[in-house]
Amino acid sequence: MSRPTLSIKTLLRTLVILSIPVLVVFLVLLLNDEIGLVHFLLGYGFVLLFSAIMLQPVLSNLAALTDYVRDLSQDKKTTAPDLGVLNIASDLSSALVQLQRNWHEKKQQMESVITEREILVDTLPDMLIMTDEELRIVRTNRSARLMFGQNLAGRHLNDIFESDVLINAVITVVESLKGREVDFHIAEPEPKDIHAIIERFPIASKGGMAVIITLNDVTQLKRVQKMRADFVANASHEIRTPLTSIAGLVELLQGPAKDDKEAHPKFLGMMAEQAERMKNLISDLLSLSKIEMNAHSVPTGVVDMQRVIRHEKDHFEWAAKQKNITINLDVSDNIPKVRGEENELKQVMHNLIGNAIKYGNIDSDVLVSARISSDLPRDPNFVKIKRAMQVTVRDEGEG
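In this text, residue positions in the sequence shown follow the numbering used here: the first is 1429, and each later residue adds one.
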């Protein structure tokens, strides 16, 4: 710390103030003719000179102390001054060193707390956006910047979100001082469903912060919820198919095939197979977590579709016979195996052939064909696929 310069003006002003009592005494002596004018001037001048010599180091130390405290208040990097004269009265130097040490520790603690809170806010998985009362963005966290761009500060919410639902909700919170929760959809930068929690900032902020908006991406959650609902609906429908088959076979065993001893083992086998299929469906229904986990996974099994198709044809031969429907196959003996889940593909073929017989006209044909095709649908799922197996079930029913 540089040694401060003591101004002559400060020294003279201090001398005049401190010498007023002495000046009064000398004036009284002079007026009572106890001292002459020469002695008055010499005596008062000596007092001023002696006082100046004594005051100069004290005032210099006080000036240094003032500059030191001022530097601390302005958070400047400084060192405690050497207060040679003032240290005689008390150990100001050590007190000042302790003051600086405490000040520095408090400053480091505050910086640490601020840094930790900044890191905490930035590492939150939810997106945080803070605005002023005019809906201009004051601050964001990393998740929000990754989603909506780095340069968000100072921009209006309308520039980021085109959702009237969100904007109106924020305006309502600003006016009513009560928090709200809303759901809305965004199309950019990518389609997402967002759940927003909007709260009023609890205290007046010098930074202008008035509203805190927490955005939670619920796209996957809604997708899972929809998948659950679709799965339950589909499973409920699928369970009816084997149940209907079992009921039909029981009816045949009790009626037309009651005395057909050769048909009994075949029908009982079909009933056992349908019971097993229904068991698997119920098992899947009770294992939604497995369904969710495998919803977007690519099957790894290899399936002989020729065997699957012939198996389902044999299963429906009796039902087709009751309506005089002929099931014809157009399936090559050397078609390649396909990648898929065998039970699921069996269920698909079972549904298609079963529906064809159910809705086909009496005395008609059902044609089941399978072939390899390179003419694939324009679908993202077929982008990396050059060939696929096309299976067709055609009946002669209405529509």
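Positions of the beta carbon are idealized from the N, C-alpha and C atoms, including for glycine.
When secondary structure is reduced to three states using DSSP, residue 1818 falls in the strand class. When Cβ pairs closer than 8 Å are counted between the two stretches, the segment 1623 to 1633 is seen to touch the segment 1596 to 1611, the count reaching three or more. For residue 1620, the three-state secondary structure derived from DSSP is strand. Its Cα nearest to that of residue 1552, the residue 1570 stands out among 1570, 1535, 1816, 1558. Taken in chain order, the complete alpha helix (DSSP H) segments of 4 or more residues contained in the segment 1542 to 1619 are 1570 to 1576, 1585 to 1588, 1592 to 1604. Ranking 1674, 1682, 1679 by CA distance to the CA of residue 1697 puts 1674 first. Inclusion of residue 1443 and residue 1480 in the CB contact set at 8 Å is warranted, their separation being smaller than that value. Ranked by Cα distance from residue 1586, the options 1554, 1562, 1682, 1574 are led by 1562.
The C-beta of residue 1774 has 16 or more other C-beta atoms within 10 Å across all chains shown, which makes the residue buried. A residue is called buried once 16 or more other Cβ atoms fall within 10 Å of its Cβ, and residue 1657, having fewer, is exposed. In the DSSP assignment, residue 1647 falls within the alpha helix (DSSP H) that extends over 1647 to 1682. Contact between residue 1823 and residue 1792 holds, since their C-beta atoms are separated by about 7 Å, short of 8 Å.
Scanning 1641, 1530, 1768, 1619 for the CA closest to the CA of residue 1558 turns up 1641. Beta-bridge analysis with DSSP links residue 1641 to 1557, 1626. In the three-state DSSP reduction, residue 1795 falls in the strand class (E or B). Here DSSP, grouped into helix, strand and coil, assigns residue 1802 to coil. For the pair residue 1613 and residue 1651, the Cα-to-Cα distance works out to about 13 Å. Here residue 1560 is near residue 1637, since their CB atoms are less than 8 Å apart. Taking all protein chains in view, the Cβ of residue 1616 is surrounded by fewer than 16 other Cβ atoms within 10 Å, so the residue is classified as exposed. In this structure, the alpha-carbon of residue 1453 lies about 43 Å from that of residue 1501.
Within the model, the alpha-carbon separation for residue 1436 versus residue 1483 is close to 12 Å. In this model, residue 1497 and residue 1535 are separated by some 15 Å (Cα to Cα).
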